[in-house]
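Novice:
2 protein chains.
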Amino acid sequence: MGNCKHCIIKELNSLRTLTNEELKCISSHKNEMTFKKGDVIFKEGMMLNGVYCISKGKCKLTKLSPNGKEQIVKFIKTGDMLGYRSVLGEEPVNLSVVALEDMDACFIPKKDIFDSIQHNKDFSKDMFKVVCSDLKEANSTIADMAQKTVRERLADTLLFLDETFGEDKEGNIDIKLSREEIANVIGTATESAIRLLSDLKKEGVICLMGKKIKIENKTALRKIGNGF
Amino acid sequence: MGNCKHCIIKELNSLRTLTNEELKCISSHKNEMTFKKGDVIFKEGMMLNGVYCISKGKCKLTKLSPNGKEQIVKFIKTGDMLGYRSVLGEEPVNLSVVALEDMDACFIPKKDIFDSIQHNKDFSKDMFKVVCSDLKEANSTIADMAQKTVRERLADTLLFLDETFGEDKEGNIDIKLSREEIANVIGTATESAIRLLSDLKKEGVICLMGKKIKIENKTALRKIGNGF
DNA sequence: ATAGCTATATGACAATTATCATAATTTATA
DNA sequence: TATAAATTATGATAATTGTCATATAGCTAT
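Protein chains in written order, with the working numbering: chain A, 1176 to 1403; chain B, 1176 to 1403.
Structure follows, in structure tokens:
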């Protein structure tokens, strides 16, 4: 069992504000876990007994609509925490989480989280900021979903993925998503996503090589995202 | 200046968890305000120095998209708090708020809110629940916006408005919105909203009398909202 | 009360997007 | 490696939604 005190991952999230005392406590309670690509980490409706600190890998948070289509609502990556919405809200989970690649994570029991929220005002403040920031983002997404065309949303999504996950050595967006998953982020039919990606390729704005996507002209993509 | 200790409005929100000591403090700092229908309470981009406790009236929270269209993201009514996302997140406001009818509110400086968050664990817990609940709702809305048709979203919206604002003596939904505002909730063109409302009327699911809308068949409306 | 404005309503048409069909390509598996 | 299965790609067409035009109803201010 590693000691959280020396873990560099926590520097990437709110756990950085914890005292040595609190970290010691978490070290002894935490549960190290691994997930394989495709594994379901948790499912809509479940109660969560703690939060995950993601030390490696990426996952998608999805919601199932009544018609059976999956909507990708958010991505989580190395350094992010996962599950705090449910734990802090003391409600069942409202999203399902599936690993997009092999993952490592530490599970921290909710008692430790609540203890620190109560006694460590820095941690409490930071967690408020995280949840509030999520809420701000979600509100923007609602407006975008409601007002923008599929083509605009595709452009925004590509820019978002590029910014969030960075690029590999060849400049490709560093996340591997199927066309169906891209469609499920945008909220459109898979065929529409494929077609519009082809269009962007023909226009020379992006480059497609299998699942790899490279943005050739960020400025043009931004313009498209804003409706020009 | 009224004394918060005896205010019944606070029983409707997280302020109910405050101690007499804290309420006394807020009583002496709070600022009673009124707004006329159409008044802008605050605007996207502003910094907020506190939160509002709404003692009377309704308002809409809107976001402007790059193309200039307004999206209504949320409604606030009597008993709700307003502005906590920005204050707790220590960020500028991301939504504009406009009064839908004459309103009364108390403005509470953020210092008092932060003090209570730090020292009153019930209040802190409750505020987490409120923000987390907002986030949960927002995530559902994202999925609905992305996956549902305009007609489905209209049905959902009518049911939501009915549930949120209740009905007057004649059974009409107890909020007065223009067709344009209804369109801005759904995320569609005003003409489309008007047309689909007419359709629902022809089908006998709702009854329209000027701005007054009455749901005649809730079950049918729910079915429509779920894609049948 | 009436002129002028705004909101609501509806038709006609265009643009966008979804659906279904089928082919080409990639990936997984025996 | 060969074969099956899944994914990606593209065409054809239908359904949905947006835009523009115009008519009507309702409200506001002199």
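All C-beta atoms in this analysis are idealised placements derived from N, C-alpha and C, irrespective of residue type, glycine included.
Beta carbon of residue 1191 (chain B), beta carbon of residue 1311 (chain A): below 8 Å?
Specialist: One-based indexing of the second sequence puts residue 1191 (chain B) at position 16. One-based indexing of the first sequence puts residue 1311 (chain A) at position 136. In this structure, residue 1311 (chain A) does not lie closer than 8 Å to residue 1191 (chain B) by Cβ.
Novice: Tell me which same chain residues have a C-beta within less than 6 Å of the C-beta of residue 1281 (chain A), skipping the five on either side of it?
Specialist: Position 106 of the first sequence, counted from the start, is the residue given in the question as residue 1281 (chain A). Closer than 6 Å at Cβ, skipping near neighbours: 1205, 1207 and 1228.
Novice: My assumption, with CB atoms under 8 Å, is that residue 1381 (chain A) sits in contact with residue 1327 (chain A). Please give the rounded CB distance.
Specialist: The residue given as residue 1381 (chain A) occupies position 206 in the first sequence. The residue given as residue 1327 (chain A) occupies position 152 in the first sequence. 15 Å between Cβ atoms; not a contact.
Novice: Residues of chain B with a CB under 7 Å from the CB of residue 1255 (chain A): which are they?
Specialist: Position 80 of the first sequence, counting from 1, holds the residue named residue 1255 (chain A). Ordered by position in chain B, no residue passes the 7 Å Cβ test against residue 1255 (chain A), which lies about 15 Å from the chain.
Novice: So with Cβ pairs under 8 Å, would you call residue 1260 (chain B) a contact of chain A?
Specialist: Counting from 1 along the second sequence, the entry for residue 1260 (chain B) is found at position 85. Interface residue, yes.
Novice: Could you spell out the range, first to last residue, of the alpha helix (DSSP H) harbouring residue 1206 (chain A)?
Specialist: Counting from one through the first sequence, the residue named residue 1206 (chain A) turns up at place 31. Not the alpha helix (DSSP H): residue 1206 (chain A) falls in the beta strand (DSSP E), residues 1206-1210.
Novice: Taking a Cβ distance cut-off of 8 Å, strictly less, list which residues of the region 1310-1343 of chain A are near chain B, in chain order.
Specialist: The residues in question are 1310, 1311, 1313, 1314, 1315, 1316, 1317, 1318, 1319, 1320, 1321, 1322 and 1323.
Novice: Could you compute how far the alpha carbon of residue 1187 (chain B) sits from the alpha carbon of residue 1304 (chain B)?
Specialist: Taking the second sequence and counting its residues from 1, one reaches residue 1187 (chain B) at position 12. Taking the second sequence and counting its residues from 1, one reaches residue 1304 (chain B) at position 129. Taking the straight line from one Cα to the other gives about 14 Å.
Novice: How would you call residue 1203 (chain B), buried or exposed, if buried means at least 16 neighbouring beta carbons within 10 angstroms?
Specialist: Indexing the second sequence from 1 puts residue 1203 (chain B) at position 28. So residue 1203 (chain B) ends up on the exposed side.
Novice: Does DSSP put residue 1453 (chain A) in a helix, a strand or coil?
Specialist: Residue 1453 (chain A) lies beyond the range of chain A shown here (1176 to 1403); nothing can be said about it.
Novice: Would you check if the distance between the CB atom of residue 1383 (chain B) and the CB atom of residue 1376 (chain B) is smaller than 8 Å?
Specialist: Mapped onto the second sequence, residue 1383 (chain B) falls at position 208. Mapped onto the second sequence, residue 1376 (chain B) falls at position 201. Yes, they are a contact pair.
Novice: On the CB-based measure, 16 or more other CB atoms within 10 Å of its CB, does residue 1210 (chain A) come out buried or exposed?
Specialist: As a working note, residue 1210 (chain A) is residue 35 in the first sequence. Buried: at least 16 other Cβ atoms inside 10 Å.
Novice: Would you verify that the beta carbon of residue 1284 (chain A) is, or is not, closer than 8 Å to some beta carbon of chain B?
Specialist: Working through the first sequence from its first residue, we reach residue 1284 (chain A) at position 109. Taking Cβ atoms only, chain B never reaches closer than 8 Å to residue 1284 (chain A), which makes this a no.
Novice: Flag this pair as touching only if the region 1218-1233 of chain B and the region 1384-1393 of chain A have three or more C-beta atom pairs under 8 Å; answer yes or no.
Specialist: Touching, no.
Novice: Taking Cβ-Cβ distances shorter than 8 Å, what residues in chain B pair up with residue 1178 (chain A)?
Specialist: The count along the first sequence starts at 1 and reaches residue 1178 (chain A) at position 3. None at all; the shortest Cβ gap to chain B is about 28 Å.
Novice: Does the beta carbon of residue 1248 (chain B) sit closer than 8 Å to a beta carbon anywhere in chain A?
Specialist: Your numbering for residue 1248 (chain B) matches position 73 in the second sequence. At least one chain A Cβ lies under 8 Å of residue 1248 (chain B).
Novice: Tell me whether the beta-carbon of residue 1212 (chain A) lies closer than 8 Å to the beta-carbon of residue 1277 (chain A).
Specialist: The residue given as residue 1212 (chain A) occupies position 37 in the first sequence. The residue given as residue 1277 (chain A) occupies position 102 in the first sequence. Yes, they are a contact pair.
Novice: Could you tell me the alpha carbon to alpha carbon distance between residue 1198 (chain A) and residue 1177 (chain A), rounded to whole angstroms?
Specialist: As a position in the first sequence, residue 1198 (chain A) is number 23, starting the count at 1. As a position in the first sequence, residue 1177 (chain A) is number 2, starting the count at 1. Whole-angstrom Cα-Cα distance: 11 Å.
Novice: Look at residue 1284 (chain A) and residue 1224 (chain A) and say whether their C-beta atoms are less than 8 Å apart.
Specialist: Start at 1 with the first residue of the first sequence, and residue 1284 (chain A) comes out as number 109. Start at 1 with the first residue of the first sequence, and residue 1224 (chain A) comes out as number 49. In this structure, residue 1224 (chain A) lies closer than 8 Å to residue 1284 (chain A) by Cβ.
Novice: So, with DSSP's three-state summary, where would you put residue 1402 (chain B)?
Specialist: Against the second sequence, residue 1402 (chain B) aligns to sequence position 227. Residue state, collapsed to three classes: coil.
Novice: Taking residue 1241 (chain A) as the reference, which of B:1316, B:1289, B:1364 and B:1184 has the closest Cα?
Specialist: To locate residue 1241 (chain A), count along the first sequence from 1; it is residue 66. For residue 1241 (chain A), the nearest C-alpha among the options comes from B:1316.
Novice: Check whether the Cβ of residue 1307 (chain A) lies closer than 8 Å to any Cβ atom in chain B.
Specialist: Residue numbering aside, residue 1307 (chain A) sits at position 132 when the first sequence is read from its first letter. For residue 1307 (chain A), the answer is yes, since a Cβ of chain B falls inside 8 Å of its Cβ.
Novice: Within 8 Å (strictly less), CB to CB, does residue 1402 (chain A) reach chain B?
Specialist: As a first step, residue 1402 (chain A) must be located in the first sequence, where it is residue number 227. Yes - at least one Cβ of chain B is within 8 Å of the one on residue 1402 (chain A).
Novice: At which residues does the beta strand (DSSP E) containing residue 1189 (chain A) begin and terminate?
Specialist: Taking the first residue of the first sequence as 1, we reach residue 1189 (chain A) at position 14. First-last for residue 1189 (chain A): undefined, no H or E at that position.
Novice: In terms of residue numbering, what span does the alpha helix (DSSP H) encompassing residue 1262 (chain A) cover?
Specialist: Counted from its first residue, the first sequence places residue 1262 (chain A) at position 87. Residues 1259-1264.
Novice: Going by DSSP, which residues form a beta bridge with residue 1284 (chain B)?
Specialist: Taking the second sequence and counting its residues from 1, the one referred to as residue 1284 (chain B) is at position 109. DSSP output for residue 1284 (chain B) lists B:1225 as bridge partner(s).
Novice: Could you check where the beta strand (DSSP E) with residue 1350 (chain A) kicks off and where it finishes?
Specialist: One-based indexing of the first sequence puts residue 1350 (chain A) at position 175. Counting along the chain, residue 1350 (chain A) falls outside any beta strand (DSSP E), and DSSP gives it neither H nor E.
Novice: At the level of alpha carbons, what is the spacing between residue 1324 (chain A) and residue 1358 (chain B)?
Specialist: On the first sequence, residue 1324 (chain A) is found 149 positions in, with the first residue counted as 1. On the second sequence, residue 1358 (chain B) is found 183 positions in, with the first residue counted as 1. Each residue's Cα considered, the two are about 16 Å apart.
Novice: Classify residue 1339 (chain B) as buried or exposed, calling it buried when 16 or more other Cβ atoms lie within 10 Å of its own Cβ.
Specialist: Numbered from 1 along the second sequence, position 164 holds the residue referred to as residue 1339 (chain B). Per the 10 Å Cβ criterion, exposed.
Novice: Where DSSP assigns a beta bridge to residue 1297 (chain B), which residues make up the other side?
Specialist: As a first step, residue 1297 (chain B) is located in the second sequence; it is residue number 122 there, counting from the start. Note: residue 1297 (chain B) sits in no beta bridge, so no partner.
Novice: Is any beta-carbon of chain A found at less than 8 Å from that of residue 1242 (chain B)?
Specialist: Within the second sequence, residue 1242 (chain B) is the residue found at index 67, counting from 1. With 8 Å as the cut-off, residue 1242 (chain B) counts as an interface residue toward chain A.
Novice: Tell me, which residues are paired with residue 1272 (chain A) by DSSP?
Specialist: If you number the first sequence from 1, residue 1272 (chain A) lands on position 97. DSSP output for residue 1272 (chain A) lists A:1217 and A:1236 as bridge partner(s).
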